[in-house]
Ligand code: C5P
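In our numbering, the protein residues as written are 1 to 231.
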């Protein structure tokens with residue numbers, strides 16, 4: 001189990017590009033996240049390979065389907081030995097309960113829910129018939145996830161403070177959208193620095209491009225780890 005709160009998003013087009021980075025870090029320095037692109041290209045074999053190397057792997061496939069299908073997908077992911085996996089809270093309470101029941105062993109992976117994607121605007125929500133603000137939806141879906149026994153949610157670090165105080169310190173908050181003041185502007189809008197994210201209550205920081213696209217990814221990772229260790 002890694003000591004770092006950092007989950008590096010392996011958003012690479014293929015395994016060899018991902019392994020160029022993985023081969024330069026180690027499980028003490030970070031955890032790793034595999035999302036839809038890399039999983040669709042490289043599949044469960046890559047997940048198993050990283051697990052065997054000792055990495056805590058977050059399989060970010062955001063399951064959203066009928067309860068039976070999601071439960072079986074969660075079990076299949078757990079059988080790969082992943083450390084964390086996720087479902088969409090919008091799949092509803094029955095779906096989340098089925099996922100929880102499928103991962104009820106003590107050594108099951110952490111099960112978390114995506115609330116509202118950080119890329120969704122209020123107009124996007126209205127377009128699909130949701131007449132609440134993103135903040136209201138995040139709080140509502142996070143509560144639903146906690147009530148179904150999930151371990152936590154993915155959220156913006158800007159929401160972390162409110163969620164920690166309303167849902168309790170044990171409810172795990174995983175936050176993407178992490179940027180240092182020196183990072184280039186990109187598509188992430190609601191950004192928070194690593195130190196501020198942890199101060200707000202974030203338990204794990206998902207960081208992609210600021211590390212993967214850095215001139216020296218290992219140095220960047222070491223710098224962020226050391227900033228966090230001083231908190
Ligand atoms: O490169 P960057 O640091 O923006 O990467 C963030 C990662 O977190 C990406 O893999 C993205 O898919 C993921 N993510 C996100 N916002 C969410 C959920 C996941 O940015 N709400």
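Built from N, CA and C at the ideal position, the CB exists for glycine as well.
The model shown is predicted, which means the values in this text are computed figures rather than measured ones.
query: Residue 41, buried or exposed, once every other Cβ within 10 Å from all chains shown has been counted against 16; result: exposed
query: Closest by C-alpha distance to residue 59, when choosing among 154, 215, 194; result: 154
query: Alpha-carbon to alpha-carbon, residue 157 and residue 191; result: 8 angstroms
query: Neighbourhood of residue 3 by C-beta distance below 8 angstroms, restricted to the same chain and skipping five residues each side; result: 28
query: Rounded straight-line distance, which links the Cα of residue 30 to that of residue 227; result: 14 angstroms
query: Whether residue 150 touches residue 112 by CB criterion (8 angstroms); result: yes
query: For residue 211, the first and last residue of its enclosing alpha helix (DSSP H); result: 209 to 212
query: Stretch-stretch touch, CB-based, cutoff 8 angstroms, three pairs: the region 59 to 68 with the region 82 to 93; result: yes
query: Extent of the continuous alpha helix (DSSP H) run through residue 224; result: 217 to 229
query: Secondary structure of residue 87, DSSP reduced to three states; result: strand
query: Which of helix, strand or coil DSSP assigns to residue 111; result: strand
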